[in-house]
Amino acid sequence: MSSPSTTGIQLKTRRPVVGEIVELISSMRFAIALLAMIAIAAVIGTVMKQGEASANYINQFGPFWYEVFRKIGLYTVYSAWWFLLLMAALVISTTLCIVRNAPKMLKDMRSWRENVRENSLLNFHHKMQWRSPLARAALAQQSAARLADAGYKVKLVEKDNGTLVAAKQGAANKFGYIFAHSAIVVICLGGVLDSDLPIRLQEWFFGKTPFTGSGLISQIPPQHRLSTSNPTFRGNTFIPEGQTSNTATLTRPDGVLIQELPFTINLQKFTIDFYSTGMPKLFASDVEVRDNQTGETVKATIEVNKPLIFKGVAIYQSSFDDGGSKLKLTGFPMAGNDSKRFEIAGEVGASTPLGDAYTVEWSGFRPFNVENVGPTDDPRAVKKGKSLQEELGEHMGSAGKNANNKNLKNVGPSVSYKLRDKTGQAREYQNYMQPVTVDGATVFLAGMRAHPSDNFSYLRIPADDGHSVTEWMRLRAALQDPQLRAAAAKRYAERATPKSASGDALRAQLLASADKSLGIFAGDGKVGGFMAMSQFLEKIPAAEQEKAADVVMKILNGSLWDLWQVARARDGLEAVSEDETHARFLQLATNALSDAFFYGAPVYLQLDDFTHVQASVFQVTRSPGKNVVYLGCLFLVLGVFAMFYIRERRLWIWIKDDGAGAEALMAMSTQRKTLDFEREFAILKEKLPQSA
121 MSSPSTTGIQ LKTRRPVVGE IVELISSMRF AIALLAMIAI AAVIGTVMKQ GEASANYINQ
181 FGPFWYEVFR KIGLYTVYSA WWFLLLMAAL VISTTLCIVR NAPKMLKDMR SWRENVRENS
241 LLNFHHKMQW RSPLARAALA QQSAARLADA GYKVKLVEKD NGTLVAAKQG AANKFGYIFA
301 HSAIVVICLG GVLDSDLPIR LQEWFFGKTP FTGSGLISQI PPQHRLSTSN PTFRGNTFIP
361 EGQTSNTATL TRPDGVLIQE LPFTINLQKF TIDFYSTGMP KLFASDVEVR DNQTGETVKA
421 TIEVNKPLIF KGVAIYQSSF DDGGSKLKLT GFPMAGNDSK RFEIAGEVGA STPLGDAYTV
481 EWSGFRPFNV ENVGPTDDPR AVKKGKSLQE ELGEHMGSAG KNANNKNLKN VGPSVSYKLR
541 DKTGQAREYQ NYMQPVTVDG ATVFLAGMRA HPSDNFSYLR IPADDGHSVT EWMRLRAALQ
601 DPQLRAAAAK RYAERATPKS ASGDALRAQL LASADKSLGI FAGDGKVGGF MAMSQFLEKI
661 PAAEQEKAAD VVMKILNGSL WDLWQVARAR DGLEAVSEDE THARFLQLAT NALSDAFFYG
721 APVYLQLDDF THVQASVFQV TRSPGKNVVY LGCLFLVLGV FAMFYIRERR LWIWIKDDGA
781 GAEALMAMST QRKTLDFERE FAILKEKLPQ SA
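Numbering (this note's numbering), first residue to last: 121 to 812.
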């Protein structure tokens with residue numbers, strides 16, 4: 121028997137799996153998919169703030185989604201394992217692509233493609249034939265000279281039945297592909313060098329952990345510190361005037377790491393200039409930097425966008441802050457019938473005990489504040505039926521609501537502090553040192569907010585004749601004294617009724633009404649101010665509420681006037697004159713007394729004196745990948761330039777003998793057919809056949 125014939129049968133051979141994987145990874149579709157995923161990750165990293173404290177994310181997203189996003193790594197996108205994996209895959213894909221194609225391209229750039237045949241040239245779209253009386257060798261030399269004159273590199277190749285003139289121009293176009301792809305690899309490597317991957321590696325393999333406590337930097341244990349040999353870092357250092365620092369803090373999601381610096385920075389002087397709007401115009405730091413090993417010192421002025429480069433570390437002017445200003449204040453009780461003031465001192469950044477129940481944490485000081493003090497549509501009339509939010513919005517609203525710059529004014533220094541109780545709960549306060557004119561009234565602004573994300577609401581305490589809060593504090597304390605309220609009610613009743621037998625009953629009614637109105641307004645029922653008055657009026661039939669409100673408010677205003685005079689008499693002072701100025705003061709004081717129930721502090725602290733201490737915040741960075749990235753950018757520019765502005769052209773002329781002369785066949789090709797290529801072909805068609 122004869123064996124089966126395999127003639128005409130083509131056997132398929134399966135490619136190795138490794139080869140298929142390499143081809144897939146180095147393919148364009150794989151690279152585009154990676155770039156799309158990296159772009160999505162970059163968008164997430166741009167929209168979502170990176171490297172914030174965990175508490176900020178919990179407040180924003182809630183505990184459940186905080187944990188989900190944390191496990192995915194969305195809070196540190198650029199150092200998440202999956203992002204690094206994408207970057208590594210992109211580098212590998214691009215590198216394989218270069219390895220596979222670059223040798224072929226370099227070989228093709230050097231090649232003259234001299235194996236072309238005469239018949240294949242006839243198939244070119246751009247071709248031309250002509251005859252010449254010159255001999256074959258002379259025509260070849262003439263054509264070569266004319267092509268060289270046009271900028272082509274030329275090579276003559278002798279064939280069996282003719283001479284081939286091979287010419288090329290713009291072969292460097294293929295460098296564009298090599299440079300552009302190499303740029304991706306180089307930039308990615310530079311980015312890795314400047315990322316926090318080296319710090320992550322130290323956390324994973326060398327036991328470095330973020331520090332979550334408080335205390336002096338010099339006392340932080342070694343496991344929370346990074347040595348000066350750390351290859352890359354970006355941190356901040358806070359230096360008050362006249363002090364030094366040789367460390368920087370690197371913010372981590374769950375704490376900070378302390379970066380040891382190879383030098384010590386001494387802030388000699390901090391200078392700041394402002395625009396008329398209060399925005400910083402220029403701030404700079406005069407520093408002296410000393411090398412910790414050699415003792416070498418350098419003096420320089422560091423400004424925004426003008427860093428100091430020392431020992432491979434860049435020192436940038438980042439921002440500024442208070443460096444521990446010394447404060448002297450006067451405290452006034454805001455509860456009870458005591459009006460005795462007391463002195464208190466503090467330092468920004470420190471804390472001061474306030475009795476046994478509270479601690480004052482001094483958070484900030486500003487030597488001047490540019491505020492908008494223009495007029496506002498803010499009626500002070502008390503209207504029945506207003507909600508708590510509406511009352512608070514009216515009387516404890518923004519310090520200035522008009523956005524017209526002509527109303528901007530420096531209203532002087534202010535101090536910010538937190539008042540924390542024993543349970544750890546705190547409210548933040550901001551008080552201005554000097555009285556401010558708002559809506560035509562001179563008031564002291566006492567800001568309050570319960571949460572850091574809220575805007576400050578301002579209690580407006582009217583300034584008295586001595587431009588102080590003394591008279592308002594006296595009236596506030598008197599309102600909480602039942603005996604003084606009773607004396608004020610009696611005085612009001614006697615003053616409001618005629619002295620006659622028929623007036624005794626009316627006097628008694630007014631006495632009872634005044635005493636009750638003062639008691640309700642003083643908060644005897646735990647709720648005071650206009651809120652308590654509103655709740656009282658709601659118990660009256662609706663048909664009589666408006667009339668009752670007018671009567672009650674008239675009695676309240678009159679009895680508050682007498683309460684003020686009684687309080688002054690108790691302190692040995694003369695009664696104030698009944699004029700428009702003092703009537704306006706009492707109206708503002710009444711509003712402030714009502715708002716004081718929402719102030720939420722047992723004391724009001726008024727700034728009396730200060731010693732301002734400036735501080736500068738520097739960003740210190742070591743970025744070895746910066747130059748690598750610059751090199752990658754250079755490659756990218758060269759690659760784009762080569763791909764778009766260098767056009768590769770190939771040209772062949774096949775010359776063969778034709779009787780007494782020679783016959784020539786010219787063909788020309790390019791990767792991209794453009795109008796320039798068409799013009800160049802037309803010029804060569806005209807130039808090459810010309811006789812010498």
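Note that the Cβ used here is the ideal one computed from N, Cα and C, for glycine as well.
Asked, Found
"Beta strand (DSSP E) segments (min. 3 residues) lying fully within the segment 359-384", "364-372"
"Three-state class that DSSP yields for E698 in the structure shown", "coil"
"Rounded straight-line distance, which links the Cα of S577 to that of S518", "The predicted position of S518 is uncertain, since its pLDDT is 35 and thus under 50; no value can be drawn from it."
"L795 classed as buried or exposed, judged by whether at least 16 other C-beta atoms fall within 10 angstroms", "exposed"
"Simplified DSSP assignment, three categories, for D715", "helix"
"C-alpha distance - Q322 paired with Q379, whole-angstrom precision", "12 Å"
"Buried or exposed (CB count within 10 angstroms, at least 16 for buried), M653", "buried"
"Residue span of the beta strand (DSSP E) that contains R547, given as start and end", "546-552"
"Endpoints, the beta strand (DSSP E) within which H246 is located", "246-252"
"From P572, M553, R569, residue whose alpha carbon lies closest to that of V563", "M553"
"Per-residue DSSP class, three states only, for E510", "Residue placement at E510 is poorly supported in this model, since its pLDDT is 39, which falls under 50; the coordinates are not used for a value here."
"N-terminal and C-terminal residue of the alpha helix (DSSP H) that W185 is part of", "174-192"
"Per DSSP, cross-strand counterpart(s) of I464", "L449"
"Classification of M148 by the beta-carbon crowding that lies within 10 angstroms, buried from 16 upward", "exposed"
"Cut-off 7 Å between Cβ atoms - residues of its own chain near T367, not counting five sequence neighbours on either side", "I337, T357, I378, Q379, E380, L381"
"Beta-carbon proximity check, A566 vs L579, cutoff 7 Å", "yes"
"Nearest-angstrom beta carbon gap, M788 and R769 [assumed within contact, 8 Å]", "7 Å"
"For K389, the residue or residues it bridges with in DSSP", "D406"
"Anticipated Cβ contact below 8 Å, V236 with W772, distance rounded", "5 Å"
"Exposed unless 16 or more other CB atoms sit within 10 angstroms - verdict on G294", "A small correction: the amino acid at residue 294 is Lys; Gly does not occupy that position in the sequence shown. Buried: at least 16 other Cβ atoms inside 10 Å."
"Contact check, F485 vs N530, beta carbons under 7 Å", "no"
"Residue of A689, K431, A628, A598 minimising C-alpha distance to G639", "A598"
"Rounded straight-line distance, which links the Cα of R233 to that of A303", "29 Å"
"For P582: DSSP bridge partner residues", "V563"
"Nearest-angstrom Cα separation, counted from M248 out to Q810", "13 Å"
"First through last residue of the alpha helix (DSSP H) which encompasses P533", "No alpha helix (DSSP H) contains P533, which DSSP labels as neither H nor E."
"Distance, G648 Cα to S534 Cα", "29 Å"
"Spatially closest choice to Q275 from R799, D393, W774, by CA coordinates", "Here the sequence assigns Lys to residue 275, which means Gln is not the residue at that position. Cα-wise, what sits closest to K275 is W774."
"Nonlocal neighbours in the same chain, by C-beta distance under 6 Å from N386, ignoring five residues either side", "T364, E408"
"Candidates F717, S347, F797, of which the one nearest M454 by Cα", "F717"
"C-beta atoms of V752 and I307 nearer than 7 Å", "Correcting the residue type first, residue 752 is Gly in the shown sequence and not Val. Going by C-beta atoms, G752 is nearer than 7 Å to I307."
"Reduced DSSP category for P318 - H, G, I as helix; E, B as strand; rest coil", "helix"
"A300 and G759 closer than 7 Å at C-beta", "yes"
"Test item: CB-CB of V167 and I435 under 7 Å", "no"
"Backbone secondary structure at W774 - three-state DSSP", "strand"
"Chain D contact for V163 (CB, 7 Å cutoff)", "No chain D is present in this structure, which holds just one protein chain."
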